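Data first, discussion second: the structure below is written as structure tokens.
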Amino acid sequence: MKKILVLLFIMTVGLLWSQEGLSRQTRFENTIQDSGNYAQHVSVVAAFALILAKKDKEGFWQFAESFGTTLGTTFILKYAINKSRPNGAIDGHAFPSGHTAEAFSGASFIQRRYGWKFGVPAYLVAGYVGVSRLEGHNPRHDGWDVLAGTIVGIGSTYIFTTPYERDHYELSFKSGGGDYLLGLKYKF
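Sequential numbering of the sequence shown, starting at 6, is according to our numbering.
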């Protein structure tokens with residue numbers, strides 16, 4: 006997770022340098038928005054990385070269900086509610102924030118499935134994404150949009166995801182010299 010945060014920092018610094026001709030405030034606001042556009046994917050990528058590292062097939066399907074529900078619910082609400090964006094864009098797809106829903110879906114999956122040790126950094130990145138949707142030279146959402154995206158992302162995860170449990174027992178068999186041994190080791 007430290008590598009992800011370092012990568013996010015490097016991306017932010019790079020975005021700042023790419024905007025030399027703009028005022029300091031505008032550069033800062035644009036950097037927040039642009040880095041939030043990329044950071045929305047960090048928790049999803051981290052969730053897949055943990056699933057692969059732990060060879061967690063059940064977790065894969067739980068994440069597929071929860072993330073699919075997040076995306077589906079978000080897009081249905083966007084088209085059903087058809088709310089205008091605070092920046093004046095007339096696409097009518099402000100509510101809920103899709104970036105925030107995606108970020109919090111990944112973060113809450115990581116926390117729910119693998120615990121707070123992995124969940125806290127993921128939630129920090131997801132929170133940053135939420136702020137990036139509110140701030141900037143051209144804000145795309147208001148607080149209600151971001152809150153709704155957060156609820157959709159976390160809610161979908163809590164419907165489908167259970168905590169990861171390693172095997173609590175180990176069964177072994179040993180034979181030699183006409184003797185047989187059956188062992189059972191249980192971890193509490």
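By construction, the Cβ of each residue, glycine as well, lies at the ideal position given by its N, Cα and C atoms. Note that the structure is a prediction, hence the values are computed from the model and not measured.
| Check | Outcome |
| --- | --- |
| Give the DSSP-derived three-state secondary structure of Phe100 in the structure shown. | coil |
| Is Tyr133 helix, strand or coil when you go by DSSP? | helix |
| Tell me which residues share the same chain as Arg90 and place their Cβ nearer than 6 Å to its Cβ, disregarding the 5 neighbours each side in the sequence. | Ala99, Arg145 |
| Just reading off the alpha helix (DSSP H) that Tyr169 is part of, what are its end residues? | Looking at the DSSP string, Tyr169 is not in any alpha helix (DSSP H), and its letter there is neither H nor E. |
| Between the Cα of Ser113 and those of Leu82, Pro101, Ala51, Asp61, spot the shortest distance and give me the residue it belongs to. | Ala51 |
| For Ser102, I'd like the list of residues in its chain whose CB is within less than 6 Å of its CB, leaving aside the five on either flank, ordered along the chain. | Arg138, His146, Asp150, Val151, Gly154 |
| Taking its Cβ as the centre, do 16 or more other Cβ atoms sit within 10 Å of Gly181, making it buried, or is it exposed? | exposed |
| Taking Cβ to Cβ, would you say Arg118 is nearer than 8 Å to Gly158? | no |
| Leaving out five residues before and five after Phe72 in sequence, what residues of the same chain have Cβ atoms less than 6 Å from its Cβ? | Ser110 |
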